[in-house]
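Undergrad: Reminder that position 278 of the sequence shown reads as 273 in this note's numbering, one-by-one numbering, no gaps. Using N, Cα and C, we set each Cβ at its ideal position, and we do this for glycine too. Every value quoted in this text rests on a predicted model; they were computed, and no experiment measured them. To start, I am sharing the structure in question, which I have written as structure tokens.
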Amino acid sequence: MNKIRKISGVIIAAVCLALALPVSAVDKDGKFVLVIDAGHGGKDPGAVNGKNQEKSINLNVALRMGKLIEENCKDVKVIYTRKTDVFVELYKRADIANKAGADMFISVHTNSAKNKSANGAETYLLGVEENRTSANLNAALEENKAILLENDYEAHYEGYDPNSPESMIIFEFMQNEYQKESLKMATFTQNQMVNSAKRPDRGVHQAGYLVLWKSTMPSILIELGFISNDAECKYLVSQKGVDEMSQSLYNAFGEYLDYHNKLLEKAVPTAQAIGNKSAEDLAVYKVQFMSLKNPLKNNDKKLKAYPNVDYYQEGGMYKYTCGDTTDYEEIQKTKKEVQKKHKDAFVIAVYKGERITVKKAQEISSKNK
-4 MNKIRKISGV
6 IIAAVCLALA
16 LPVSAVDKDG
26 KFVLVIDAGH
36 GGKDPGAVNG
46 KNQEKSINLN
56 VALRMGKLIE
66 ENCKDVKVIY
76 TRKTDVFVEL
86 YKRADIANKA
96 GADMFISVHT
106 NSAKNKSANG
116 AETYLLGVEE
126 NRTSANLNAA
136 LEENKAILLE
146 NDYEAHYEGY
156 DPNSPESMII
166 FEFMQNEYQK
176 ESLKMATFTQ
186 NQMVNSAKRP
196 DRGVHQAGYL
206 VLWKSTMPSI
216 LIELGFISND
226 AECKYLVSQK
236 GVDEMSQSLY
246 NAFGEYLDYH
256 NKLLEKAVPT
266 AQAIGNKSAE
276 DLAVYKVQFM
286 SLKNPLKNND
296 KKLKAYPNVD
306 YYQEGGMYKY
316 TCGDTTDYEE
326 IQKTKKEVQK
336 KHKDAFVIAV
346 YKGERITVKK
356 AQEISSKNK
């Protein structure tokens, strides 16, 4: 059981989660936030085959996928890293997702290979392949070379050299707390591209893609197919190809959304009394601001700056929250203060043994005033 433990004087008792949940970073309207990233763009064409450029394939599929979601998933807010043919630095793509408090980041790309017969779709999550000479390593190195088009790229990628496989060591010591959810989305995506769009199956893999590196949510990178393969290129630039690939990605996202919502429904918090009211009658807000592999000591200076600090264990990580309150305006003030040091801090809500959206918590709070 994932038990939240009290660290300082807290009004509300610990929240207990019966199983690991993906972080829910719903926006102020209570919507699931999805960021869709069309790889490359502007002065960066990506892979090329004649007049056909990767950046255009990526954008066409990303926009069509996003439109399907916007039309059919009213509880989802879609954000694009680009909607036109513009250049966006890799680190800024992750920043867009982080600042939006996204629940999912999907980066859409098209593959290329010296072997012109190479074909098929594959899906990646962040990690390092054991075989450093593998095709997966080479694919990541090629995509990461986009940073060479950025000004002062050394300042943003901690000395990473896109021309050196040895630079991949920066990924080896990462503890990705969102790996389980990323793998789930990657699996849904790969299955849909194979079964719905009938693409040859190249599987789900891990690789060191910089665009996924600093995203603070479940994230995947999709390789739709090979632009270097003339037949596959013709398919990907066609309207049929755009429609089928977009539909398969939309289907996969729908599967993940169902999975995500079912996990949230199984959350089992507990609570104690608050003043003259039972906590069961009130929606409780907290600010989640930090996740660590190992817990901090109770007297750690990192915790002293915040009110009512708790933590709970989830997915092998210790997740810290602060500011227990039933007052939404108060938790917003707390969040703004916390974001001065932890820019990705966000509000979570709990009611009657269930994790709920902030919008739903506000509705409950209004009824019980």
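Determine the direct distance from the alpha carbon of Glu65 to that of Tyr315, and round the result to whole angstroms.
TA: In a straight line, the C-alpha of Tyr315 is about 33 Å away from that of Glu65.
Undergrad: Can you list the beta strand (DSSP E) stretches of 3 or more residues lying completely in the region 69 to 123, in chain order?
TA: Within the region 69 to 123, the complete beta strand (DSSP E) runs of at least 3 residues are 71 to 75, 99 to 106 and 116 to 121.
Undergrad: Considering Lys338, what are the terminal residues of the alpha helix (DSSP H) in which it resides?
TA: Per DSSP, Lys338 belongs to no alpha helix (DSSP H) and is neither H nor E.
Undergrad: Within the continuous alpha helix (DSSP H) that includes Ile326, where are the two ends?
TA: Segment Tyr323 to Val333, the alpha helix (DSSP H) holding Ile326.
Undergrad: Is Asp295 buried or exposed, if buried means 16 or more other CB atoms sit within 10 Å of its CB?
TA: By the 10 Å Cβ count, Asp295 comes out exposed.
Undergrad: Starting from Lys368 and walking both ways along the beta strand (DSSP E), at which residues does that stretch end?
TA: This structure gives no information on residue 368, because the portion of the chain shown stretches from -4 to 364.
Undergrad: Please classify Glu324 as buried or exposed, where buried requires at least 16 other C-beta atoms within 10 Å of its C-beta.
TA: When all chains shown are included, Glu324 counts as exposed.
Undergrad: Assess, as a yes-or-no matter, whether the region 179 to 188 is touched by the region 236 to 253 under the definition of 3 or more beta carbon pairs within less than 8 Å.
TA: Cβ pair count under 8 Å is three or more, so yes.
Undergrad: Could you have a look at Met285 and say whether DSSP puts it in helix, strand or coil?
TA: It is a strand residue.
Undergrad: Does DSSP put Ile359 in a helix, a strand or coil?
TA: Of the three classes helix, strand and coil, the one that applies to Ile359 here is helix, per DSSP.
Undergrad: For Glu218, which beta-bridge partners are listed by DSSP?
TA: Paired residue(s): His104 and Glu117.
Undergrad: Could you check where the alpha helix (DSSP H) with Asp225 kicks off and where it finishes?
TA: Asp225 to Val232 is the extent of the alpha helix (DSSP H) around Asp225.
Undergrad: What are the boundary residues of the beta strand (DSSP E) that includes Leu29?
TA: Residues Phe27 to Ala33.
Undergrad: Taking 9 Å as the cut-off, decide whether the C-beta atoms of Asp39 and Arg88 are in contact.
TA: Their beta carbons are not under 9 Å apart, which means Asp39 does not touch Arg88 by this criterion.
Undergrad: Just to confirm, is the Cβ distance from Ala116 to Leu219 under 9 Å?
TA: Against a cut-off of 9 Å, the Cβ pair of Leu219 and Ala116 comes out as a contact.
Undergrad: With H, G and I counted as helix, E and B as strand and the rest as coil, what does DSSP make of Lys295?
TA: Reading the sequence as shown, one finds Asp at residue 295 and not Lys. Looking at Asp295 - three-state DSSP - the assignment turns out to be coil, as it is neither helix nor strand.
Undergrad: In whole angstroms, what is the alpha-carbon distance linking Ala340 and Lys257?
TA: Looking at the two C-alpha atoms, the distance is approximately 24 Å.
Undergrad: Compare the Cα-Cα distances from Glu49 to each of Thr105, Glu84, Thr79 and Ala57 and report the closest residue.
TA: Nearest option by C-alpha distance: Thr105.
Undergrad: Beta carbon of Gln370, beta carbon of Leu121: below 9 Å?
TA: This structure does not reach residue 370, given that the chain is present from -4 up to 364, and the question cannot be answered.
Undergrad: Does DSSP put Gly36 in a helix, in a strand, or in coil?
TA: Gly36 falls in the strand class under three-state DSSP.
Undergrad: Sort out for me which residues DSSP pairs Val365 with in a bridge.
TA: An answer regarding residue 365 cannot be provided, because it is not within the stretch -4 to 364 covered by the chain.
Undergrad: Gly249 by DSSP, collapsed to three states: which one?
TA: Three-state result, Gly249: helix.
Undergrad: Give me whichever residues DSSP pairs with Ile351 in a beta bridge.
TA: The partner list for Ile351 (beta bridge, DSSP) reads Ala344.
Undergrad: Quick check on Val43 - is its C-beta less than 9 Å from some C-beta in chain B?
TA: Judged by its chain identifiers, the structure shown contains no chain B, having just a single protein chain.
Undergrad: Relative to the C-alpha of Gly236, which residue among Gly34, Phe27, Pro302 and Ile52 is closest?
TA: For Gly236, the nearest C-alpha among the options comes from Ile52.
Undergrad: Is Cys228 closer than 9 Å to Asn44 when the C-beta atoms are compared?
TA: Yes, they are a contact pair.
Undergrad: Considering only their Cβ atoms, is the gap separating Val28 from Thr74 smaller than 9 Å?
TA: A quick correction: the sequence has Ile, not Thr, at residue 74. Yes, the Cβ-Cβ distance between Ile74 and Val28 is below 9 Å.
Undergrad: Compare the beta carbon distance of Leu252 and Ile359 with 9 Å and say whether it is the shorter of the two.
TA: No; because the gap between Cβ atoms is not below 9 Å, this pair is not in contact.
Undergrad: Which value, in whole angstroms, describes the spacing of the CA atoms of Val345 and Lys338?
TA: One C-alpha to the other measures close to 22 Å.
Undergrad: For Ser243, collect the residues of the same chain with a Cβ closer than 7 Å to its Cβ; drop the 5 residues on either side in sequence, then sort them by chain order.
TA: The answer, listed in chain order, is Gln187, Met188, Ser191 and Ala192.
Undergrad: Rounded to the nearest angstrom, what separates Lys288 and Glu332 at their Cα positions?
TA: Those two C-alpha atoms are separated by around 24 Å.
Undergrad: Grouping DSSP H, G and I as helix and E and B as strand, with all else coil, what is Arg197?
TA: Strand.
Undergrad: Could you check the C-alpha separation between Lys354 and Lys94 for me, to the nearest Å?
TA: About 19 Å.
Undergrad: Among Asp196, Leu298, Gly318 and Pro290, which residue has its Cα nearest to the Cα of Met312?
TA: Nearest C-alpha to Met312: Pro290.
Undergrad: Mapping the DSSP letters down to three states, classify Ala57 as helix, strand or coil.
TA: Three-state DSSP puts Ala57 in a helix.
Undergrad: Among Glu239, Thr211, Lys292 and Thr320, which one has its Cα closest to the Cα of Asp98?
TA: Considering only alpha carbons, the answer is Thr211.
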